[in-house]
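S.K.: The listed protein sequences correspond, in order, to chains A and B.
Quick note on the working numbering: the first sequence kicks off at -11 and runs consecutively.
Quick note on the working numbering: the second sequence kicks off at 100 and runs consecutively.
Backbone N, C-alpha and C define an ideal beta-carbon position, used for all residues, glycine too.
Note that the coordinates shown come from a computational prediction; the quantities given were computed from them, not determined experimentally.
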Amino acid sequence: MVDDLYQEIIIDHSKRPRNCHAMADANRKAEGYNPLCGDELKLYIKIENDIVKDVSWVGTGCAISTASASLMTESVKGKSREEALKLLEKFHDQLTTDTPVTQELGKLVVFCGVRDYPARVKCATLAWHTLKSALTSSGEPVVSTE
Amino acid sequence: MSALTSVISAGFDVDKVREDFPVLKQRIHGKPLVYLDSAATAQKPFAVIDAIRKFHEVDCANIHRGVHELSQRSTAAYEETRSKAKRFLNARAKNELIFVRGTTEGINLVASSWGRKNVKEGDEIVISALEHHSNIVPWQMLCEEKGAKLRVIPMDDRGELLLEEYEKLLGPRTRMVAVGHVSNALGTINPVRQIIEMAHRAGALALIDGAQAAHHLKIDVQALDADFYTFSGHKVIGPTGIGILYGKARLLNAMPPYQGGGDMIKSVTFEKTIYADLPYKFEAGTPNIAGGIGLGAAFDYVTRIGLDNIAAYEHELLVYGTEALSRIPGLRILGTAREKAAVLSFVIEGIHPHDIGTVLDRQGIAVRTGHHCAQPVMERLGVPATTRASLAFYNTAAEIDALAAGLGKVKEIFS
Chain A
-11 MVDDLYQEII
-1 IDHSKRPRNC
9 HAMADANRKA
19 EGYNPLCGDE
29 LKLYIKIEND
39 IVKDVSWVGT
49 GCAISTASAS
59 LMTESVKGKS
69 REEALKLLEK
79 FHDQLTTDTP
89 VTQELGKLVV
99 FCGVRDYPAR
109 VKCATLAWHT
119 LKSALTSSGE
129 PVVSTE
Chain B
100 MSALTSVISA
110 GFDVDKVRED
120 FPVLKQRIHG
130 KPLVYLDSAA
140 TAQKPFAVID
150 AIRKFHEVDC
160 ANIHRGVHEL
170 SQRSTAAYEE
180 TRSKAKRFLN
190 ARAKNELIFV
200 RGTTEGINLV
210 ASSWGRKNVK
220 EGDEIVISAL
230 EHHSNIVPWQ
240 MLCEEKGAKL
250 RVIPMDDRGE
260 LLLEEYEKLL
270 GPRTRMVAVG
280 HVSNALGTIN
290 PVRQIIEMAH
300 RAGALALIDG
310 AQAAHHLKID
320 VQALDADFYT
330 FSGHKVIGPT
340 GIGILYGKAR
350 LLNAMPPYQG
360 GGDMIKSVTF
370 EKTIYADLPY
380 KFEAGTPNIA
390 GGIGLGAAFD
400 YVTRIGLDNI
410 AAYEHELLVY
420 GTEALSRIPG
430 LRILGTAREK
440 AAVLSFVIEG
450 IHPHDIGTVL
460 DRQGIAVRTG
470 HHCAQPVMER
480 LGVPATTRAS
490 LAFYNTAAEI
500 DALAAGLGKV
510 KEIFS
């Protein structure tokens, strides 16, 4: 059922995205772009002593990509760089492979429904790809899901 | 519905037509398929599928090569499609029809072969705000290479081109006017006859991108006085990978070859190659023979149903669909040109087209979502993307009702 994809928490975050604003004192930035959908997002991170002190984003996209960006920022705030990257890996695995769904993802588990919608995986992972580039590259990289 | 009934009584029987399209008889996610994406690619009737199958089962050989029976059969069948294309477009001569991979290649062929020879620094190419990327990028590449300028005919909020602005763009440096016959994103039918006439008055040539027109309108390249006209087979219920470029013989003869290789030559030595005459000069290498033969079957099928019948029926479907969608609160149809093909592009306030597309898909309804390879159109209308339902003569009023009901479900989820 399509309702498995659009669970309440996804609808909620797509309508009221959290941390959705620019950040003047960010020290890491990255841009993500999904050329197929036209989804765009700009990610701002303030990192101190290798800890993600603050993270925010602005952008446009579908309900899945908006909710994913919103929940991603909530999930990585306060985590170390390494922890954030590990979470990213788990998230990506859960969405793109047949590994049994674990509860380690916390709230992010709602995105596992995307597995049944291969065309929409990119929507759910755009914010995370952008996070990876912000955390692993210097400068202001632009990532594309193509 | 009375208009639909009258079209049906005039000899068009959609239920009978649907029997010819096997793909339509399936269920998607447990629901009957409602295929509303014919502007992306049209479905194929048994006649086309069988022609391709027969070629591979019975006649398969390379063309223009062997003296053996199979090669002769293949050649005859492939070349017969060229004759059918000539009749389909009402071209003067068979050698004015060039087989290409599709509209994109047709445009690239002209931009590359004609353009490189004839466009100089400071010259101008005119396109329109409605163009598909395939009628933008090849010209942009040419302009960049030559130091020429790309000018764009603007459009109004309905999606109609502003001809008085177009008039102002024309000048002594205009070399080519390249516009679409029908907009893929909005359905606008452009007044191409007038556009071509204005181009000619300015001393420019005109190329028409017919990708969205060839299966909906009767095309007469002589009446239009088009210099070039190109379309893809797969949108005319033929196979993918094959299309037609029409060009006036006088122009094609003066153009250099597009690609070099076998079949496009008269003789080859290491010192000099003599090119073949039209149309082979532009057809290097073994072509998509099966595709060409399938396209011939598609021409036959469309001709048998009658383009006038198709156009009348699709217009009634468009009217019915426009009314049905207009009743949905928060839905806005983009593209309200007075002359319009059966395309319904729309946005729903607060709901992204990709979410609409996914929810509709789960109800068996196939629509296109995104920018439709026409990003400048989206930008002009101030939307990142739309949902597009594009209709064909095998669609029914009941399928439009299913779309409206599906959109009800979309609104329920995102309300």
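Have a look at the DSSP bridge pairing and note the partners of A:Asp42.
M.R.: Taking the first sequence and counting its residues from 1, the one referred to as residue 42 of chain A is at position 54. Paired residues: A:Lys34.
S.K.: If we define contact as Cβ-Cβ less than 9 Å, is B:Glu422 a contact residue for chain A?
M.R.: Position 323 of the second sequence, counting from 1, holds the residue named residue 422 of chain B. Not closer than 9 Å to any Cβ of chain A, the Cβ of B:Glu422 fails to qualify, so no.
S.K.: Hey, does A:Asp(-9) have any beta-carbon neighbour from chain B nearer than 9 Å?
M.R.: The count along the first sequence starts at 1 and reaches residue -9 of chain A at position 3. Answer yes: the Cβ-Cβ gap between A:Asp(-9) and chain B drops below 9 Å somewhere.
S.K.: Give me whichever residues DSSP pairs with B:Met254 in a beta bridge.
M.R.: Along the second sequence, read from residue 1 onward, the residue named residue 254 of chain B stands at position 155. B:Leu260.
S.K.: With a threshold of 9 Å between beta carbons, is A:Arg103 in contact with chain B?
M.R.: In the first sequence, residue 103 of chain A corresponds to position 115, counting from 1. Cβ-Cβ to chain B under 9 Å: no for A:Arg103.
S.K.: Alpha carbon to alpha carbon, what distance is there between B:Ala488 and B:Gly337?
M.R.: Along the second sequence, one-based indexing puts residue 337 of chain B at 238. Along the second sequence, one-based indexing puts residue 488 of chain B at 389. Between B:Gly337 and B:Ala488, the C-alpha separation is close to 20 Å.
S.K.: Given 8 Å as the limit, is there contact between the segment 359 to 374 of chain B and the segment 229 to 238 of chain B, that is, 3 or more CB pairs closer than that?
M.R.: In short, these stretches do not touch, since the Cβ pair count stays below three.
S.K.: Going by beta carbon distance, what residues of the same chain come within less than 8 Å of B:Asn161, once the five residues before and after it are set aside?
M.R.: Here the question's residue 161 of chain B lines up with position 62 in the second sequence. If we look at B:Asn161 and ignore the five residues flanking it on each side, its Cβ neighbours are Ser170, Ser173, Thr385 and Ile388.
S.K.: Keeping to the same chain, check which residues put their C-beta closer than 8 Å to that of A:Glu62; ignore five residues upstream and five downstream.
M.R.: Within the first sequence, the letter at position 74 stands for residue 62 of chain A. So the qualifying residues of the chain are Arg6, Asn7 and Lys95.
S.K.: Checking 9 Å against the spacing of the C-beta atoms, do B:Leu424 and B:Ala503 come in under that value?
M.R.: By one-based count along the second sequence, residue 424 of chain B stands at place 325. By one-based count along the second sequence, residue 503 of chain B stands at place 404. Going by C-beta atoms, B:Leu424 is nearer than 9 Å to B:Ala503.
S.K.: Check this for me: beta carbons of B:Val466 and B:Leu135, under 9 Å apart or not?
M.R.: Taking the second sequence and counting its residues from 1, one reaches residue 466 of chain B at position 367. Taking the second sequence and counting its residues from 1, one reaches residue 135 of chain B at position 36. Closer than 9 Å, so yes.
S.K.: If you measure from the beta carbon of A:Ser132 to each beta carbon in chain B, is any gap under 9 Å?
M.R.: Here residue 132 of chain A is taken as the residue at index 144 of the first sequence, counted from 1. It does not; no Cβ of chain B falls within 9 Å.
S.K.: Residues in the same chain with beta-carbon distance under 6 Å from B:Ile427, minus the five sequence neighbours each way, listed in chain order, please.
M.R.: Start at 1 with the first residue of the second sequence, and residue 427 of chain B comes out as number 328. Hits under 6 Å: Leu506.
S.K.: Is it right to say B:Pro475 is buried, meaning 16 or more other beta carbons lie within 10 angstroms of its own, or is it exposed?
M.R.: Sequence index remark: in the second sequence, residue 475 of chain B carries index 376 (1-based). With 16 or more Cβ atoms within 10 Å of its Cβ, B:Pro475 is classed as buried.
S.K.: How big is the Cα-Cα spacing for B:Cys472 and B:Phe369?
M.R.: In the second sequence, residue 472 of chain B corresponds to position 373, counting from 1. In the second sequence, residue 369 of chain B corresponds to position 270, counting from 1. The alpha-carbon atoms of B:Cys472 and B:Phe369 are separated by roughly 43 Å.
S.K.: Use the C-beta contact count for B:Val116: other C-beta atoms within 10 angstroms, 16 or more gives buried, fewer gives exposed.
M.R.: Along the second sequence, read from residue 1 onward, the residue named residue 116 of chain B stands at position 17. That one is buried.
S.K.: Which complete alpha helix (DSSP H) runs does the segment 170 to 234 of chain B hold, if anything under 4 residues is left out?
M.R.: 202 to 208 and 214 to 217, all fully within the segment 170 to 234 of chain B.
S.K.: Within the 9 Å Cβ cut-off, does A:Arg4 reach chain B?
M.R.: On the first sequence, position 16 is the one that residue 4 of chain A refers to. No, because no Cβ of chain B sits closer than 9 Å to the Cβ of A:Arg4.
S.K.: Taking only beta carbons into account, state which residues of the segment 96 to 121 of chain A come closer than 9 Å to chain B, listed in chain order.
M.R.: So the close ones are Tyr105, Ala107, Arg108 and Cys111.
S.K.: How many Å lie between B:Thr435 and B:Tyr379 at the Cα?
M.R.: On the second sequence, residue 435 of chain B is found 336 positions in, with the first residue counted as 1. On the second sequence, residue 379 of chain B is found 280 positions in, with the first residue counted as 1. Cα-Cα distance, rounded: 42 Å.
S.K.: Report, in whole angstroms, the separation of the C-beta atoms of B:Val209 and B:Ala247, which I expect to be a contact under 8 Å.
M.R.: Here residue 209 of chain B is taken as the residue at index 110 of the second sequence, counted from 1. Here residue 247 of chain B is taken as the residue at index 148 of the second sequence, counted from 1. Rounded, the Cβ-Cβ distance is 14 Å, inconsistent with contact.
S.K.: From this set, A:Glu(-4), A:Gly20 and A:Ser44, which residue's C-alpha is nearest A:Ala12's C-alpha?
M.R.: The sequence position of residue 12 of chain A within the first sequence is 24, counting from 1. Per the Cα distances, A:Ser44.
S.K.: What residues in its chain sit with their C-beta under 7 Å from that of B:Ile392, if we drop five residues either side in the sequence?
M.R.: As a position in the second sequence, residue 392 of chain B is number 293, starting the count at 1. Hits under 7 Å: Ala150, Ile151, Phe154, Ala176, Tyr177 and Thr180.
S.K.: Taking the alpha carbon of A:Gln82 as the point to measure from, which residue in A:Val102, A:Asn22, A:Val64 and A:Arg69 has its own alpha carbon closest?
M.R.: Start at 1 with the first residue of the first sequence, and residue 82 of chain A comes out as number 94. With distances taken between Cα atoms, A:Gln82 lies closest to A:Val102.
S.K.: For B:Val276 and B:Ala298, which I take to be in contact (beta-carbon distance under 8 Å), what is that distance rounded to the nearest angstrom?
M.R.: Looking up residue 276 of chain B in the second sequence gives position 177. Looking up residue 298 of chain B in the second sequence gives position 199. Sure, about 4 Å apart at Cβ, within 8 Å.
S.K.: Quick one: measure Cβ to Cβ for B:Ser444 and B:Leu304, integer angstroms, because I've assumed they're closer than 8 Å.
M.R.: Counted from its first residue, the second sequence places residue 444 of chain B at position 345. Counted from its first residue, the second sequence places residue 304 of chain B at position 205. Not confirmed; about 30 Å, so no contact.
S.K.: What are the complete alpha helix (DSSP H) segments, minimum 4 residues, inside the segment 389 to 433 of chain B?
M.R.: The qualifying runs are 406 to 425.
S.K.: Taking a contact to mean a Cβ-Cβ separation below 9 Å, would you say B:Tyr345 touches B:Ala141 in this structure?
M.R.: Start at 1 with the first residue of the second sequence, and residue 345 of chain B comes out as number 246. Start at 1 with the first residue of the second sequence, and residue 141 of chain B comes out as number 42. In this structure, B:Ala141 does not lie closer than 9 Å to B:Tyr345 by Cβ.
S.K.: Mind the definition here: the segment 403 to 423 of chain B touches the segment 248 to 268 of chain B only if three or more C-beta pairs lie below 8 Å; say whether that holds.
M.R.: Touching, no.
S.K.: If you check the beta carbons only, do B:Ala312 and B:Phe330 fall under 9 Å apart?
M.R.: One-based indexing of the second sequence puts residue 312 of chain B at position 213. One-based indexing of the second sequence puts residue 330 of chain B at position 231. Yes.
S.K.: Is it the case that the Cβ atoms of A:Ile52 and B:His453 are separated by a distance below 9 Å?
M.R.: The residue you call residue 52 of chain A lines up with position 64 of the first sequence. The residue you call residue 453 of chain B lines up with position 354 of the second sequence. Taking 9 Å as the Cβ cut-off, A:Ile52 and B:His453 qualify as a contacting pair.
S.K.: Could you tell me the distance, in whole angstroms, from the CA atom of A:Tyr21 to the CA atom of A:Leu114?
M.R.: Mapped onto the first sequence, residue 21 of chain A falls at position 33. Mapped onto the first sequence, residue 114 of chain A falls at position 126. In a straight line, the C-alpha of A:Tyr21 is about 7 Å away from that of A:Leu114.
S.K.: When you compare each of A:Ser132, A:Ala122, A:Leu76 and A:Phe99 to A:Lys34 by their alpha carbons, which one comes out closest?
M.R.: Mapped onto the first sequence, residue 34 of chain A falls at position 46. Checking every option, the nearest Cα to that of A:Lys34 belongs to A:Ala122.
S.K.: So which residues on chain A does B:Ile512 lean against when the C-beta distance must stay under 8 Å?
M.R.: If you number the second sequence from 1, residue 512 of chain B lands on position 413. Simply Val(-10), Asp(-9), Tyr(-6) and Ile(-1).
S.K.: Return the CA-CA distance between B:Lys143 and B:Lys124, expressed in angstroms with no decimal places.
M.R.: Here residue 143 of chain B corresponds to residue number 44 of the second sequence, with the count starting at 1. Here residue 124 of chain B corresponds to residue number 25 of the second sequence, with the count starting at 1. Computed Cα separation, rounded: 12 Å.
S.K.: In angstroms, rounded to a whole number, what distance separates the CA positions of B:Ile409 and B:Val367?
M.R.: What you label residue 409 of chain B is simply residue 310 of the second sequence in a count that begins at 1. What you label residue 367 of chain B is simply residue 268 of the second sequence in a count that begins at 1. Distance between the alpha carbons of B:Ile409 and B:Val367: 47 Å.
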